[in-house]
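Following this note's numbering, the numbering of the sequence shown begins with 1 at its first residue and continues without gaps.
By construction, the Cβ of each residue, glycine as well, lies at the ideal position given by its N, Cα and C atoms.
Please read these numbers as outputs of a predicted model, since none were measured by experiment.
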Amino acid sequence: MRFPQNQTSVLRMKPSEPLKDPLAAVEHALANPIEAAPLAETARGRKDACVVISDITRPVPNRLILPPILRTLEEAGIPRDRVLILIATGIHRPNEGEELIELVGEEIAAAYRVENHDGLNLESHRRLGETLDSAPVLIDERFCAADLKITTALIEPHLMAGYSGGRKAVCPGLASIETMKTMHGPELLSHPKAAPGILDGNPFHEEALRIARLAGVDFSLNTALDEKRRLVGVFAGEIDAAHRQGCAFAAERAAVETEPADIVVTTSAGYPLDQTFYQAVKGPAGALEAVKPGGSILLMAECAEGVGSEPFKRLISGSESLEAFEKRLHHGGHFAIDQWQLQELAKISQKADIYLFSEGIPFDEQGRLFVKPVRTPEDGIEDLLERYGRDARLNAIPEGPYVLPVAAEKEAEI
């Protein structure tokens, strides 16, 4: 795609040197963790273990990080048949068959129990207390019952949690729908600090961390990737300290100072994050600091699996407008699975119009998604230049939510 040259800024992650020996880096992190004992020491004497991994929507390098973790557990005396690899699906669909092989590789899939969390099966959760607004804290019983609890994740800017990784492996990763009614509820997500790049004062982050500590994480490992999905950082140890250090590392590379523009062209960083429109909303959500009020964001996302879950599709089809949805959300006592992503879309639309190019959703269906569909990216650019003028400024963000635009007058915060 060709952009107008004179007024276009391309916002990318700062270059990072990929780790020369990624396996050695993981092994070093396990043996020299942040504010925690080495994993081998922590695992010694434990009778069983649960290792939590992200689902298919996150490009975590599981095939790289799992072997040294599992080898350490076996050497510490925990046999393979006493180790469960638990996929933190939150309330996403399960990952089975070829997807499961893609996640962990054939050898691990054959040698270990690999199971999915099911956030809708309330009986499979243990009650650990209450959220700050008195909702039940229900976490997967298999994790709670494990003698050794390990979480793994990827750190990247996140539209409501500030950054992914760390505590998110437990909440929402292993939480029930009853807990998520609060964690993804309209009041919490309306908070101005429930936004990309912010941890301090972010109520989502603070509550998720409190819940993860209630569940009792013994050891966590977080990874950071570059634009080419190469490993550039490994942060292991105590659930908060290791995550904080990883977030600071990610912020240095993701935060890009920019002048807001009339037009922003962004993505959801390709596979696996743009499999559905539901997930792809993270692209424009992460671009809000890069667009002027009254501007427009053109999202390019494949959406090979379509719009998203059935509840998400029903929510869209049952809403006359985003304004009507917001009114019902805050005043009607209404709750639906995946409503939080439509709330994020409504938040974006309050600042900018959203254009969509997608080959995975039929064109005549895209208009029902509260976006302006375009036939080609070039058509979208041309329409926007006609709207804002041929000399309009444009910010292009090829890696979408992995980049953290920061308005020139602001400083990045964690």
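Let's see if you can read the secondary structure: which residues bound the beta strand (DSSP E) around MET180? Not the beta strand (DSSP E): MET180 falls in the alpha helix (DSSP H), residues 177-183.
Strictly by DSSP, which residues pair up with ASN395? SER9, VAL264.
On the three-state DSSP scale, how would you describe GLU344? helix
Taking the alpha carbon of PHE235 as the reference point, which residue from PRO38, THR8, GLN7 has its own alpha carbon closest? That would be PRO38, whose Cα lies nearest to the Cα of PHE235.
For SER321, tell me which candidate among LYS313, ALA346, HIS331 has the shortest Cα-Cα distance. ALA346
Through-space distance from ASP226 to GLY129, alpha-carbon basis: Their backbone Cα atoms lie some 38 Å apart in a straight line.
Is it buried or exposed, ASN395, if we count other Cβ atoms within 10 angstroms and call 16 or more buried? Here ASN395 is buried. Its C-beta has 16 or more other C-beta atoms within 10 Å.
What separation, rounded to the nearest whole angstrom, lies between the Cα atoms of TYR278 and GLY45? 43 Å
Tell me the DSSP secondary structure of GLY237 in three-state form. strand
So the beta strand (DSSP E) PHE363 belongs to, where does it begin and stop? Unbroken run through PHE363 is the alpha helix (DSSP H), 363-366; no beta strand (DSSP E).
What separation, rounded to the nearest whole angstrom, lies between the Cα atoms of THR258 and ILE297? 15 Å
If ALA304 and GLY380 are in contact, beta carbons under 8 Å, what's the gap, nearest whole angstrom? About 20 Å separates the two Cβ atoms, so there is no contact after all.
Cβ neighbours of PRO33 in the same chain (closer than 6 Å, five flanking residues each side left out): ALA236, GLY237
Among ALA40, ASN62, ALA301, whose alpha-carbon lies nearest the alpha-carbon of SER268? ALA301
Looking only at C-alpha atoms, which of CYS144, HIS243, ARG126 sits nearest to PRO136? ARG126
Quick one, are the C-beta atoms of PRO405 and GLU252 less than 7 Å apart? no
Sequence-distant residues of the same chain with beta carbon closer than 8 Å to SER220, five excluded per side: ILE150, THR151, THR152, ALA153, GLY166, ALA169, ALA236, GLY237, GLU238, ILE239, ALA242, HIS243
With DSSP run on the structure shown, which of helix, strand or coil describes GLU302? The DSSP-derived three-state label of GLU302 is coil.
Given ARG82 as reference, the closest of HIS158, GLU365, CYS50 once Cα atoms are compared: CYS50
On the criterion of 16 or more Cβ atoms from any shown chain inside 10 Å, does PHE363 qualify as buried, or is it exposed? exposed
Buried or exposed, going by whether 16 or more other CB atoms sit within 10 Å of the CB of GLU323? exposed
Taking contact to mean 3 or more Cβ pairs, one atom from each stretch, closer than 8 Å, check whether the region 65-78 and the region 15-34 are in contact. yes
Name the one or two DSSP bridge partners that CYS221 has. According to the sequence shown, residue 221 is Leu rather than Cys. Its beta-bridge partners are THR152, ALA236.
Can you tell me where the beta strand (DSSP E) holding ILE91 begins and where it ends? Careful: ILE91 lies outside any beta strand (DSSP E) and carries neither H nor E.
Counting only the same chain and skipping the five closest in sequence on each side, list residues whose C-beta sits under 8 Å from that of ARG80. LEU70, GLU74, ALA111, TYR112
What number of angstroms, rounded off, separates the C-alpha of LEU103 from the C-alpha of ILE91? 18 Å
Kindly indicate which three-state DSSP category ASN62 falls into: helix, strand or coil? helix
Restricting to Cα atoms, I'd like to know which of PHE204, GLY294, GLY119 is closest to ILE354. For the residues PHE204, GLY294, GLY119, the minimum Cα distance to ILE354 belongs to GLY294.
Taking just the CA atoms, how far does GLN275 sit from ARG387? 30 Å
Of the residues LEU120, HIS191, VAL217, the one placed nearest ALA145, counting alpha carbons only: VAL217
Can you look up TYR355 in the DSSP assignment and give me helix, strand or coil? strand
Nearest candidate by alpha-carbon position, reference ARG393, set HIS184, VAL264, ALA352: Taking each of HIS184, VAL264, ALA352 in turn and checking the Cα distance to ARG393, the smallest one comes out for VAL264.
By the three-class DSSP mapping on this structure, what secondary structure does SER124 have? helix
For the beta strand (DSSP E) containing SER500, list its first residue and its last residue. Lying before the first or after the last residue shown, residue 500 is absent from the chain, which here runs from 1 to 414.
Counting only the same chain and skipping the five closest in sequence on each side, list residues whose C-beta sits under 7 Å from that of ALA248. ILE414
Start and end of the alpha helix (DSSP H) containing GLU41? 39-43
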